[in-house]
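Undergrad: After the structure tokens below, expect a handful of questions from me.
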Amino acid sequence: MFYHDFYNVDPFKPISMEFNMFSSEEVKKLSVARIDSLISFTPLGEPVPGGLYDARLGSIHMNSGKCSTCNQNAVLCSGHFGHIELPCPVINPIFTAAVIHILKISCLSCYRVLLPRETTILLAAQLKLLDNGQLTDAHDLATEINGLSEDDERNLSVEELETFISLYLKERLQENNGSYVKSADEIRQTFIAETINQVARRTGCMHCKQPLSTISKSFSTITISHAVQSKKDKKTKAYLFPTDIREHMRQLWVNEKHFISALLPVLAGLKVEYPTDTCFMSEVLVTPSNIRPNLMVKGKLVESPRNSTYKSILREAKVIQYIWLLRDQKEGQEISSEITELVNASQGRDSIEKVQISMHNLQMCVDALLDGNLFKTYNSKDQPTRIGLKQLLEKKSGIIRQNMMGKRVDYFARSVITPDPYLDTDEIGIPVEFAKKLTYPVAVTDWNNKGLHGVVLNGPNHYPGANMIETDAGIVKWLSATNKSRREALSKTLFYKGPNSRGPQIVHRHVIDGDMMLVNRQPSLHKPSIMAHRVKVLKGEKTLRLHYANCKAYNADFDGDEMNAHLPQSELAKCEAKELASAVYQYLVPRDGTPLSGLIQDHIISSVRMTIRGRFFTRREYMHFVYQALSSIDREIKTVPPAIIKPVMLWSGKQIISTLIINLTPLNQKTFINLMSKSKLEQKCWRNPNNYEYPDLLSEFNFIVRNGNLLSGILDKNHIGASTYSLVHCFFELYGGKYSAKLLSAFSKLFTVYLQCDAFTLGVEDILVTEKADHLRQTAIDESKTAGILAAQESLGIEYIDEEAMNIKLAESYSKSSHFAVLVDRNYKKHLQPFTNKITRACIPKGLLQPFPNNNLQLMVQSGAKGSTVNTIQISCCLGQIELEGKRPPMMISGRTLPSFPPFDTLPKAGGFIGSRFMTGIQPQEFFFHCMAGREGLIDTAVKTSRSGYLQRCLVKHLESLIVNYDMSVRDSNGSIVQYLYGEDGLEVTKSSFFNEKQFGFLAGNVNSFKALKKIRNDECYKELDEKLEEIKSAMKKNKTIKRDSEFLSWCKQQTSKVKNKNHSKIKNGRYTQDTKMCRKWYEIDEDVKKSYTENIRRIPDPVGATFHPGGHYGLLSEKMDSSINKYFDTNNELNDDDKLIAKESIRLKAMAATAAAGEPVGCIAAQSVGEPSTQMTLNTFHFAGRGEMNVTLGIPRLREILMMATKTIKTPSMEIPFFQSIIQKNKLIFDKIISIVEI
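Residue 2 is where the sequence shown starts when you use my numbering, and the numbers rise one by one after that.
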């Protein structure tokens, strides 16, 4: 859709919509051609008249000329229907199940339903109420009728029942209130099923006492077993043809009109003698030709696979017609041999049987139009599934998911991604080739005329240029790459307006720097998987360039990943991309409000080395680094005075960071950021020179920023990585995403340049250990060999035994009990753990040859740049115990884990314990065990991808309709309330991450940065809120033990204590029968009794949010938030009373501004918040920590069990029961006995 079309679309505003069925007359009126030929095309490729591609059905392709019906070309012709006339009626496949069901519960002698009249009247009334959206009234109707019968102690007559129901409907049925009720279809089916279950299948009819016939259906064949008068007679079985069924349905309609129209509401509005005739078809509509496009394969026309069902219908219809023609053949009448051969080739011994079989085949072919799976033939294994309406719509390849919910688009680019640290974090680098192909429509105005004139002259091949011009009349003119004079001519007519002008001319120019593109990486598991980036066109590049900071949001790496980029095609779309979807505003993940963007790996190393104490820079270096970091700033840069003046002026690395913070703080801010935090590098990593008395105060572990100056601490993962409450996160909270993104981009450029001056590498000396540490390690490994014997003895319950006898006993124990292996595993872990810890302590960190911070590997691990302590242990110490699904490597039948070990070997090495390390190499057996664990990880990853993907799809489809409304409630598409207030406090996660007692100090210290919020203060409203809060506080102080209660709940407590505990009866309509009775009793109680309960309750006032609307009252806080704020300021004495008051009010206003916005798709966010982390989860069941015999279902299987299966019998039930320590210590022996006999 081009620019003019986009802005000139007339909105379609439907008032109402009604579904109905076409009658035979309407089908014939709608059709433009009768289809009766099995041949579609002539040998020359022309459509055959009366064939499935008849010219009257519309143009097939661009070269097929104009449509014979509407005289339009292939683009403008929407297509026209044809029809096939059937020789006999067939059942409409939509109604097959309903028709068979009605016949099964009906008597075909008196044509009455096998239900009492009262039941059918009640069902019809209930369904009428349900269709009108009055669910409660539909449930109450049956209850009130039962109540009337109980009061009168007799059953109501049919006339009395009809009178009561008509009055009930008249009173409650509201006109034009046909609102859709959630799960109405499900409830409707429940009503119908409960009624039909009352049908008693006796031998005779309850009305006419005649024997009942039995109806059965197999595929498309319907049979009837005729009733017999006596048991001696045999039942006769016969085919039931659609003609006979139509007659039966007509007779049933006469007697059971209300019941059938209740079951099939579509029949109620039809004004014909027998509406049930709609359930049958005499003509079949044929869809237009353009919906069944043909293909050209090797120069030959190939018809659409959808035609096969239509051809089968035509073939069977012709067979039936030819059989009747031969049957009614008159003397002297000539019939072609082709007809005779076709009839003889059909199934069946005689003409009657042939007609029967052909009729069933015809019904099957018509059924296949709805569902291709219903088409069954003798050689169906060789044939592909027919394409019916169901196949067109369902699954991933159906038109809904393939062509409507997701589709191929224009103005799109895809390429491999490569990293570029010189880009800003919200930029995307695209090659010039992409920029030339992707175009953006710009309307010609007085302000941009000169610029657009230049790009039109450049043409499509010279960047920056343009590819086409859309004239004021909507005609598209492509710019020639070779004809410069034509481009010049077109550039001079940019302001021309013709008589049929629809607006200014549009130039589709190349993409330039600053345009917005939506960048996406699949799988798109959460909201930040698609974000808007500013374009940076890079000459000489061939791939998309992306900043490192976005890797976590997209879950991307640079090992060949590809990404998609979409170019918005209007100013509105561009504005939404820039202001809503921009990467700068997606800093926090909507799941839990934790940061997504952050610097990684080399940048963290660079930042640590740059900001470490003792690192100084000359004036030239200082200016160079600051200029490189702030190269995008187009104003005067503020610098800080040097830390050392003489003999040479020197600036510390911390001062360079301070310079960036000061220059990147918004200009309208009078004060700079204040922050006290901790670094990732712990206190123990730093030396304490001269045994200073207060090492914590001057340690690099404390990260202190005062008025924008970094005074202490180093920048590591905790402050420039994707970490909570980091320096960048605090910047985001105070000044917004725009400024936090600038800070992150500046850090990225600074640390990149610094790495070029101060190189970093990893050497062998970083993994070597001292001789003493190596000796201690070897000693621990030698000692660990005894652990296997000790574990085996403990498992067998013996103290000492020789090796041969132990092996025999182990063999016996393993063969007798499957739990013995679990017991041995647990004991091995228990005895080996101390030795593993001993090996680790000997080498890391004190045993390393090169200590921290000179040890580059330790610097990487400790600062959070890359790797973990486990990696360093495996390199320098040992690999430790290998585990497969939480167990040691399994044994073969022979009792060996590998052929190289003796049977039932007790050495830890035979059980998968690897004492070797990567530095000195591992042995073949150890390598094999290591590969087993690696293979398990690969399989686990491959399997869980599909499982977690389907889990997320299920969650999203169920929750996608939940949004926050303007009244702050969470509702679904039907308007049903899910939560009265989102999250029960109305706060959005990404806006409220600092609202906890630990972070109030930071907000109070930076109150001037968000003081602007005070402008919206309303004193009158404040007074009301404060009065309400004070009222609640005073009530809570008086009644500390009392909780909020109501008269009804306190009455229920008394009543339930009187009622004996009985098994609850079956739940019906969501409530226990006992609960329903309690509610009814409460309504019947006198008002005086209710008042007495009201007086007895010591009331606590309703919450503030219940009295005042959260969206319309400034400074509205929940009780919990208010108490948290007061608690912090009451215990904190650093601020004076005036500052406390200002800080408290500012935080209150900030909390008010953090409410969730109306329209927020909280359902999708909730689904993504569960689905996206599930991809990181493990797949299999693992042993419970410390309990070898106790399995616990974890990860994706547990999520599937909870969310998808919702099973009552969980796989591994477990319960944690806390006991008082005093009881356990006093009665330890008794306690052990009780616990040991607990069985589940």
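Each residue gets a CB set at the ideal place from its N, CA and C atoms; glycine is no exception.
Which residues in the same chain as R616 place their Cβ atom closer than 8 Å to its Cβ, once the five residues preceding and following it in sequence are excluded?
TA: Your numbering for residue 616 matches position 615 in the sequence shown. If we look at R616 and ignore the five residues flanking it on each side, its Cβ neighbours are R610, S653 and G654.
Undergrad: Kindly provide the ranges of any beta strand (DSSP E) runs that are 3 or more residues long and lie completely inside the region 244-327, ordered along the chain.
TA: Counting only runs of 3 or more, we get 281-287, 296-298 and 301-303.
Undergrad: Could you tell me how far apart the beta carbons of F853 and P846 are, in whole angstroms, since I believe they sit closer than 8 Å?
TA: Residue numbering aside, residue 853 sits at position 852 when the sequence shown is read from its first letter. Residue numbering aside, residue 846 sits at position 845 when the sequence shown is read from its first letter. Between P846 and F853 the Cβ distance is about 6 Å, and since that is below 8 Å, they are a contact.
Undergrad: Report yes if the CB atom of F281 is closer than 8 Å to the CB atom of P94, and no otherwise.
TA: Residue 281 sits at position 280 when you count from the first residue of the sequence shown. Residue 94 sits at position 93 when you count from the first residue of the sequence shown. Cβ distance not < 8 Å, so F281 and P94 don't count as in contact.
Undergrad: Taking K218 as part of the beta strand (DSSP E), name the residues at either end of that continuous run.
TA: One-based indexing of the sequence shown puts residue 218 at position 217. Unbroken beta strand (DSSP E) run through K218: T215 to S219.
Undergrad: Kindly indicate which residue of V770, A911 and I883 has the alpha-carbon position closest to the one of R1.
TA: In the structure as shown, the chain begins at 2 and stops at 1241. Residue 1 is therefore absent and cannot be evaluated.
Undergrad: Output the distance between the C-alpha atoms of Q926 and S901, rounded to the nearest integer angstrom.
TA: Looking up residue 926 in the sequence shown gives position 925. Looking up residue 901 in the sequence shown gives position 900. Cα-Cα distance, rounded: 8 Å.
Undergrad: Rounded to whole angstroms, how far is the Cβ of L439 from the Cβ of V512, which I believe are closer than 8 Å?
TA: Within the sequence shown, numbered from 1, the residue matching residue 439 stands at position 438. Within the sequence shown, numbered from 1, the residue matching residue 512 stands at position 511. Confirmed, Cβ separation roughly 5 Å.
Undergrad: Between D968, R972 and R954, which has its C-alpha nearest S962's C-alpha?
TA: Mapped onto the sequence shown, residue 962 falls at position 961. It is R972 whose Cα lies nearest to the Cα of S962.
Undergrad: Can you have a look at R535 and say buried or exposed, based on whether 16 or more other CB atoms are within 10 angstroms of its CB?
TA: Position 534 of the sequence shown holds residue 535. R535 is buried by the Cβ-count criterion.
Undergrad: Using the rule of at least 16 other Cβ atoms within 10 Å of the residue's Cβ for burial, across every protein chain shown, is V944 buried or exposed?
TA: Here residue 944 is taken as the residue at index 943 of the sequence shown, counted from 1. By the 10 Å Cβ count, V944 comes out exposed.
Undergrad: Is R307 closer than 8 Å to I216 when the C-beta atoms are compared?
TA: In the sequence shown, residue 216 corresponds to position 215, counting from 1. In the sequence shown, residue 307 corresponds to position 306, counting from 1. Going by C-beta atoms, I216 is not nearer than 8 Å to R307.
Undergrad: Contact between the region 449-466 and the region 579-590 is defined here as three or more beta-carbon pairs at a separation below 8 Å; is this criterion met?
TA: Verdict: no, contact absent.
Undergrad: Residue range of the alpha helix (DSSP H) that A566 falls in?
TA: Counted from its first residue, the sequence shown places residue 566 at position 565. Where A566 is concerned, there is no enclosing alpha helix (DSSP H), although the beta strand (DSSP E) it sits in stretches over E563 to H567.
Undergrad: Check this for me: beta carbons of F295 and E304, under 8 Å apart or not?
TA: In the sequence shown, residue 295 corresponds to position 294, counting from 1. In the sequence shown, residue 304 corresponds to position 303, counting from 1. For the record, residue 295 in the displayed sequence is Asn; it is not Phe. A contact, by the Cβ cut-off of 8 Å.
Undergrad: For C1053, collect the residues of the same chain with a Cβ closer than 7 Å to its Cβ; drop the 5 residues on either side in sequence, then sort them by chain order.
TA: The residue labelled residue 1053 in the question sits at position 1052 within the sequence shown. Result list for C1053: M1079, in chain order.
Undergrad: Can you check which of these residues, G51, T1156 and E1135, is closest to G1006 by C-alpha distance?
TA: The residue labelled residue 1006 in the question sits at position 1005 within the sequence shown. Checking every option, the nearest Cα to that of G1006 belongs to E1135.
Undergrad: Please name the residue, chosen from K671, G865, V965 and C576, that lies closest to G1160 on a Cα-to-Cα basis.
TA: On the sequence shown, position 1159 is the one that residue 1160 refers to. For the residues K671, G865, V965 and C576, the minimum Cα distance to G1160 belongs to V965.
Undergrad: Between which residues of its own chain and G1187 is the CB-CB distance below 7 Å, once the five residues before and five after are set aside?
TA: Here the question's residue 1187 lines up with position 1186 in the sequence shown. Its pLDDT being 38, under 50, G1187 is placed unreliably in this model, and the coordinates cannot settle the point.
Undergrad: Which ranges does the beta strand (DSSP E) cover as unbroken runs of at least 3 residues, wholly within the region 523-582, from first to last along the chain?
TA: DSSP runs (the beta strand (DSSP E)) wholly in the region 523-582: 531-539, 545-547 and 563-567.
Undergrad: Does the Cβ of P667 have 16 or more other Cβ atoms within 10 Å, making it buried, or fewer, making it exposed?
TA: To locate residue 667, count along the sequence shown from 1; it is residue 666. Label assigned to P667: exposed.
Undergrad: Is the region 525-545 touching the region 414-421, taking contact as three or more C-beta pairs under 8 Å?
TA: Yes, they touch.
Undergrad: Starting from the Cα of K1300, find the closest Cα among R522, P442, I663 and S949 and give me that residue.
TA: Outside the displayed span of the chain (2 to 1241) sits residue 1300, for which this structure offers no information.
Undergrad: Which value, in whole angstroms, describes the spacing of the CA atoms of S110 and L123?
TA: Working through the sequence shown from its first residue, we reach residue 110 at position 109. Working through the sequence shown from its first residue, we reach residue 123 at position 122. S110 and L123: Cα-Cα distance of roughly 24 Å.
Undergrad: Report the start-end ranges of each alpha helix (DSSP H) in the region 795-860 that is 4 residues or longer and not cut off at the edges.
TA: The qualifying runs are 804-817 and 821-844.
Undergrad: Please classify K493: does DSSP put it in a helix, a strand, or coil?
TA: Indexing the sequence shown from 1 puts residue 493 at position 492. Correct three-state label for K493: coil.
Undergrad: Using three-state DSSP, classify S226 as helix, strand or coil.
TA: Here the question's residue 226 lines up with position 225 in the sequence shown. Residue state, collapsed to three classes: strand.
Undergrad: Where A934 and E884 are concerned, what is the direct C-alpha to C-alpha distance, given to the nearest angstrom?
TA: Taking the first residue of the sequence shown as 1, we reach residue 934 at position 933. Taking the first residue of the sequence shown as 1, we reach residue 884 at position 883. About 7 Å.
Undergrad: Give the DSSP-derived three-state secondary structure of Y1129 in the structure shown.
TA: To locate residue 1129, count along the sequence shown from 1; it is residue 1128. In this structure, Y1129 counts as helix in the three-state DSSP scheme.
Undergrad: Tell me which residues share the same chain as K718 and place their Cβ nearer than 8 Å to its Cβ, disregarding the 5 neighbours each side in the sequence.
TA: Along the sequence shown, read from residue 1 onward, the residue named residue 718 stands at position 717. The residues are G599, I605, K681, S724, S864, G865 and A866.
Undergrad: Closer than 8 Å, CB to CB, is H820 near chain C or not?
TA: This model lacks chain C altogether, as it is built from one protein chain only.
Undergrad: Terminal residues of the continuous beta strand (DSSP E) containing N1260?
TA: Because the chain in this structure spans residues 2 to 1241, residue 1260 falls outside the shown range and cannot be described.
Undergrad: On a Cα-Cα basis, can you pick out the residue from L858, L170 and I470 that is closest to T137?
TA: For the purposes of this step, residue 137 is identified with residue 136 of the sequence shown, where counting begins at 1. Minimum Cα distance to T137 is reached at L170.
Undergrad: Can you round the beta-carbon distance between E284 and S25 to whole angstroms, since I take them to be within the 8 Å contact cut?
TA: Translated into positions along the sequence shown, residue 284 becomes position 283. Translated into positions along the sequence shown, residue 25 becomes position 24. Yes, E284 and S25 are in contact; Cβ-Cβ is about 6 Å, under 8 Å.
Undergrad: Closest by CA to T277, which one among P243, V298 and K301?
TA: To locate residue 277, count along the sequence shown from 1; it is residue 276. The shortest Cα separation from T277 among P243, V298 and K301 belongs to P243.
Undergrad: Give me the Cα-Cα distance between E19 and Q127, rounded to the nearest whole angstrom.
TA: Against the sequence shown, residue 19 aligns to sequence position 18. Against the sequence shown, residue 127 aligns to sequence position 126. Their Cα atoms are separated by approximately 21 Å.
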